[in-house]
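In full-length UniProt numbering, the protein residues as written are 1 to 344.
Cβ coordinates follow ideal geometry from the N, Cα and C atoms, glycine included.
Being a predicted model, the structure only gives us computed values, none of them experimental.
Structure first, commentary second.
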Amino acid sequence: MERIVQQEEKPDDYFDSLPDAILLDIFNKLLDAKSLTRCLVVCKRFSSLIPQINNLFLSIIPRPRRQVLIGNSSKRSVLRIFFSKLKWFRRLFIITPKSSTANKDSIATTVWCPALSNSKFREIKYMNVQFPVYGNGNDDDYCFIKWKAAFGRELKSCIILGATLFCKKNLAWERIAPVQEEEHFLTDDQLKLRIVWTISCLISSSARHQFLKPIVSEHSQLQRVVLSDCKNQGQLCMDEEQIAEMRKSVDDSSLKERTPFPDLSIKMLYLPVLELPASGYTMRGATLVVIRPDHDDNDDDDAGGDLLGGWFDGDGEEKKKAFGEAVRELMKVKKSYVMTMNSF
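Structural data, given as structure tokens:
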């Protein structure tokens, strides 16, 4: 009797049948650096294709608490420098150290990035980096700060939108914040608080820019980067021209140095109550801060606010549309607070 041996058929490997171009497109849509790093060890084909991807999303891991404390002392010294450099056109303030309760975001010394250590992602063109948020992140419905900054070799501009109360205009708003007659100027304490907001955002942007230096120097194909946080409180953006400018200025000695700020011009606009009819939101203590190098002659902030408002417009999200609307409305305010800050 003839023995018939049946061999088990191996299941089809559908990835093997895909052209490299399609597989590479899949990896580009995957984005996540952690997942892509794991895919590198799956097979030789994956290992050869993944280094060719153009898009990468990187989520930063906080350092252990013991190491985070190192950054706080550095931050306190930076705060002292900030306050010592400020010159008021309107009035002079003495701000105590207790007021310096800014967002704990000394990124350059408090995070680590295993996905980019000995990185194989050498063809990256578009990178999105997300940092953790320390503290409460100020991202609830009642008090928030949002900022966006653009850098090249140094700060190009920084826009900060803040409020002490932000919510839908409904009965809850009427109960929480009854309408009162208020003067359209800031008290000393209110102005101090907004200066702390400004300093916090500048420190965060500088730390993120410092974090970016080795990435820019090692990834020559990089064309656009966005550095944000998990609560989307702040965002640093750089385009291809700004990245090229930064790359030229980076050397071994500057990699570990904090990015210095030039002389800064600071313009602050304020409304005690701001109604946003298009989005249905209301803000109390609405504040817009526009920061630029003192030598910058750009007049975008005097062009009706449309360009600056576009910085905060979202992709169809109701709340993000409210941010852009708020910026445009605040830019219509005629009275402003103007300050300068020496380079540091």
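Roughly how many angstroms lie between the CA atoms of R45 and K29, to the nearest whole one?
18 Å
Nearest residue (CA-CA) to residue 353, options D189, N232 and K248
One cannot answer for residue 353 here, as it falls past the ends of the chain, which runs 1 to 344.
With distances taken Cα to Cα, identify the nearest neighbour of D16 among R38, D32, S35 and C43.
C43
In chain order, what residues of the same chain lie with their CB nearer than 6 Å to the CB of P260, ignoring the 5 residues before and after it?
none
Can you list, in chain order, the residues of its chain with a C-beta nearer than 8 Å to that of S249? Leave out the 5 residues immediately preceding and following it.
R153
Measuring alpha carbon to alpha carbon, tell me which residue in V289, D294, T340 and R328 is nearest A149.
V289
Give me the Cα-Cα distance between I266 and D296, rounded to the nearest whole angstrom.
12 Å
Evaluate T187 with the Cβ neighbour count: other Cβ atoms within 10 Å of its Cβ, from every protein chain shown; 16 or more gives buried, anything less gives exposed.
exposed
Going by Cα to Cα distance, which pick from V327, F323, I60 and G280 is closest to K169?
G280
By the three-class DSSP mapping on this structure, what secondary structure does K146 have?
strand
Find the nearest neighbour of V204 within the set Q223, P214, L236 and P262, judged by alpha-carbon distance.
Note that residue 204 is Ser in the sequence shown here, rather than Val. Out of Q223, P214, L236 and P262, L236 has the C-alpha closest to the C-alpha of S204.
Could you spell out where the beta strand (DSSP E) holding L236 opens and where it closes?
G234 to M238
I53 (DSSP reduced to helix, strand or coil):
coil
DSSP state of D32, grouped into three classes?
strand
From this set, S157, L36, K146 and M331, which residue's C-alpha is nearest T164's C-alpha?
K146
Could you check the C-alpha separation between G162 and L49 for me, to the nearest Å?
44 Å
Quickly, what does DSSP pair L155 with across the bridge? List them, please.
F151
What is the residue span of the alpha helix (DSSP H) that T198 lies within?
D188 to E218
Using only the alpha-carbon positions, how far apart do D25 and I291 sit?
39 Å
If you drop the 5 nearest sequence neighbours on each side, which residues of the same chain put their C-beta closer than 6 Å to that of E240?
Q223
For D16, the first and last residue of its enclosing alpha helix (DSSP H):
Y14 to S17
Sequence-distant residues of the same chain with beta carbon closer than 7 Å to S343, five excluded per side:
P260, F261, P262 and D263
Measure from the alpha carbon of L202 to the alpha carbon of each residue in C167, L193, I159 and I215, then state which is nearest.
I159
Pick out whichever of F185, R258 and K213 has its Cα sitting closest to the Cα of K334.
F185
In angstroms, rounded to a whole number, what distance separates the CA positions of L269 and S220?
40 Å
State the Cα-Cα distance for the pair R194 and S35, rounded to the nearest angstrom.
40 Å
Measure how close the beta-carbons of M246 and V216 come, nearest whole angstrom, since I'm counting them as under 8 Å.
5 Å
Note down the Cα distance separating L319 from C167, rounded to an integer number of angstroms.
Strictly speaking, residue 319 in this sequence is Lys, with Leu absent from that position. Each residue's Cα considered, the two are about 9 Å apart.
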